[in-house]
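Numbering (this note's numbering), first residue to last: 1 to 606.
Spelled out as C-alpha cells, the structure:
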C-alpha cells in the first residue's frame, strides 16, 4: 500500500532561523484558520517559556491539507541542548525541510540535525529562509549547504536535493533566488512531488514505534508514534515491549486513538500505514517501545539518543529562608518530579546519591537543565542546585572530556578580545573567514570552557556577537581552565538589607540586591572585582547621635543592583556555592553558611 494522500516531514534548523514562523504561514495558506481569525504569532510555540525566550523547546506536530494531500509537519527545536527531541522524532518522518538563514548560512546545530537525518536516509529539501534580509548572501548559501552535505557523506540523491528560497514572515517561496515568490505553493509542490509517500502492508499485523510521550491527568500517558504496518483500531488488544528487551513484553488495549488535524487532536476509530497517531490506555508506555498486534510481537530498533555531557546536583533547599515561597519543598516531592520528567525527556538522566536529600541530574547542556529548573520553579518547587560540571569519560585509563564545536560571529574589532578569551579556555581555532564587516570564527573547545563565558562574550562584543555550539565528541583532558576571575560579596549577618549598609558595601563591588531584601549569613549579595570572597554587612544601620554636620545627612545614593536571570546565576556560581531556587526568588549562597566556619576551613587548607 502506498499512501499517496499523505506526507510526513520534519522541519530542522539552527536556533532562530525561522522554522516556527514558516510553519505559521504554512498553516495559514493550508486553510487552518478562518479569514477573520485572530492568530497569535509563532502559534506552535505553545508554552509560556517558549514564548518568552523566542525558542522552540519541545517538538510539536501539526498538519495541513494541500490539494487533498495531508502533510504532517513536525516543528523541532533548534537549540543543541534539545537535540534529543529532534533525534527521536526523525523516526516518524520520510523527509526533512532543512532551513538555513540567508545571511548566517549553515550553523553548528544545522550540521548536527542534518547528520542524523542523512544517517536515516531521509530525503532533504533545502529551504533558504529570510531572503528579504538586507545582508542576505543568496549566491553563496547554496554552495555552503552543498559543502556541508559533502562533509557529512550525503549520498548522490541527497546531494541533488532541491533548493527553495523563502521568506517565512512574508509567506512566499520561489525556486530561483532572482525571482520573488507570491505564496508557498512552490514549497507545497516540492514536498508533495519530492518526499516519498509512506508505504507498507495495511493487512499485516499492527506494528508501531513510540517516538514521543505526552501526559494527561485524565487519561495518563499518551504514546505518539507512526504506524509502520497494519491498521490500529480503538479497543484492539495489543502487546507492548522494546527492542532491547529491558523488560518483558506485556498485553494492553488501545483505549483511544487520535490524529492531528491542523492544531487539534481529533479522535478516530482506525488509522493505517504512515499515520502519526496518539494512543492512550497503555499504563507504562515509554519512548522506544513498540506496539504490536497480540500474538505478532516484532519490536522495532530505536535510534540511540546521544548521552548527556553536563551534570548538576539538585537538592532540598535548606537555607534559613526555605519554605517561604514554595509549595513543594520535601525530598520526596523533588524526587517524584525529577523521575516524572524522565518519562518524556529521553536525553535526561537522574540518579540517586548517598544522601536522600540530593539527586544527580545530567543533561545535554546548561540550557537543557536551566529549562527544567525554570519549569519546576513555575510549578511551585523549591530546591538548591550546584554549579554545572562536565561528565568525563575513562578510555583505557585516559581521562576524556566532551568537546564542543563553537561558531562565533562578531564585528571585526572584537576579534582580538574573543581570541584572547578563547586561548585561556583551551580552545583550538579551526577556521576564520570574513562575512561583510563581520568575522566568523570556528573553534573546538572543551565543554567546561564555555561555562560562564556568555556574559563575558556579550560584554566584549558590545552585545553584537552571536555564539552557538554543538557537541562534537570526546578528546583527552586539556588541563585546568580558570573558572571565574571575580569573587563574591557575602552577607555577614541575617536580617533585612538597609541603604546605609548597602552604600558601604557597594564600594567593594557590584550588588545583586537593593534595600529591604531579606538576607542571611552566607548569602551572596554581589560580586567583587578581586578574585576572593569578601564578607560585607548589608544590614548595618547608621548609629544615631546628637551631633549634626552639614553634608553628613545627605541622601545616600545607591547604584542600581544587577538583576541576574537563572542562566546568569548558573554562570556566576563557584564550586563552593549553591543556587537557591524558589518560585519568587533566586539566591546565590555559600555551601557553608557560617562565616567563622568558612574562615577555619580556609585556614586548614593554607
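The beta carbon of each residue, even a glycine, is placed where N, CA and C say it ideally should be.
Under 8 Å between C-beta atoms of residue i and residue j
i           : j           : result
residue 162 : residue 126 : yes
residue 212 : residue 89  : yes
residue 12  : residue 23  : no
residue 449 : residue 425 : yes
residue 370 : residue 567 : yes
residue 313 : residue 358 : yes
residue 210 : residue 96  : no
residue 665 : residue 288 : Any answer about residue 665 is impossible in this case: the structure gives the chain only from 1 up to 606.
residue 557 : residue 498 : no
residue 489 : residue 515 : no
residue 132 : residue 29  : no
residue 1   : residue 177 : no
residue 465 : residue 458 : yes
residue 240 : residue 257 : no
residue 107 : residue 14  : yes
Closest residue to residue i among the options (Cα-Cα distance)
i           : options            : result
residue 72  : 566, 4, 112        : 4
residue 518 : 591, 491, 112      : 491
residue 535 : 522, 424, 140, 542 : 522
residue 430 : 14, 407, 367, 349  : 407
residue 532 : 557, 576, 538      : 576
residue 581 : 442, 373, 400, 496 : 373
residue 110 : 238, 337, 144, 137 : 144
residue 324 : 279, 362, 585      : 585
residue 245 : 141, 311, 601, 302 : 302
residue 613 : 65, 67, 142        : Nothing about residue 613 can be reported from this structure: the residues present for the chain run from 1 to 606 only.
residue 389 : 112, 412, 363      : 363
residue 185 : 250, 220, 106, 65  : 65
residue 105 : 468, 236, 395, 171 : 468
residue 526 : 572, 602, 386      : 572
residue 350 : 339, 343, 344, 356 : 339
residue 444 : 422, 21, 248, 603  : 422
Residues that DSSP places opposite residue i in a beta bridge
i           : result
residue 13  : 99
residue 352 : 359
residue 434 : 439
residue 289 : 242
residue 467 : 408
residue 271 : 232
residue 488 : 527
residue 209 : 226, 290
residue 539 : Answer is none; residue 539 lacks a bridge partner.
residue 311 : 362, 389
residue 166 : 173
residue 475 : 401
residue 8   : 72
residue 579 : 385, 588
residue 215 : 221
residue 277 : 225, 259
residue 128 : 100, 165
Per-residue DSSP class, three states only, for residue i
i           : result
residue 563 : coil
residue 602 : helix
residue 252 : strand
residue 449 : helix
residue 75  : strand
residue 384 : strand
residue 417 : helix
residue 45  : Residue confidence is low: residue 45 scores 48 on pLDDT, short of 50, so the model does not pin down where it sits. Its coordinate-derived value is still stated next. Coil at residue 45, not helix or strand.
residue 69  : strand
residue 402 : strand
residue 120 : coil
residue 258 : strand
residue 328 : strand
residue 63  : strand
residue 574 : coil
residue 36  : With a pLDDT of 49 at residue 36, under the threshold of 50, the modelled position of this residue cannot be trusted; read the value that follows with caution. Of the three classes helix, strand and coil, the one that applies to residue 36 here is coil, per DSSP.
residue 321 : coil
residue 140 : helix
residue 221 : strand
residue 497 : coil
### Query
Is the segment 556–569 close to the segment 493–510, with three or more CB pairs under 8 Å?
Between the segment 556–569 and the segment 493–510, the count of Cβ pairs shorter than 8 Å is three or higher; the stretches touch.
#### Entry: Three-pair Cβ contact test at 8 Å for the segment 378–385 versus the segment 315–330
Touching, per the Cβ criterion.
### Task
Determine contact between the segment 157–173 and the segment 182–201, defined as no fewer than three beta-carbon pairs at a distance below 8 Å.
Contact between the segment 157–173 and the segment 182–201 is present: 3 or more CB-CB pairs across the two stretches fall below 8 Å.
### Query
If you pair each beta-carbon of the segment 394–407 with each one of the segment 463–476, do three or more pairs fall below 8 Å?
Judged by Cβ distances under 8 Å, the segment 394–407 makes contact with the segment 463–476, as three or more pairs qualify.
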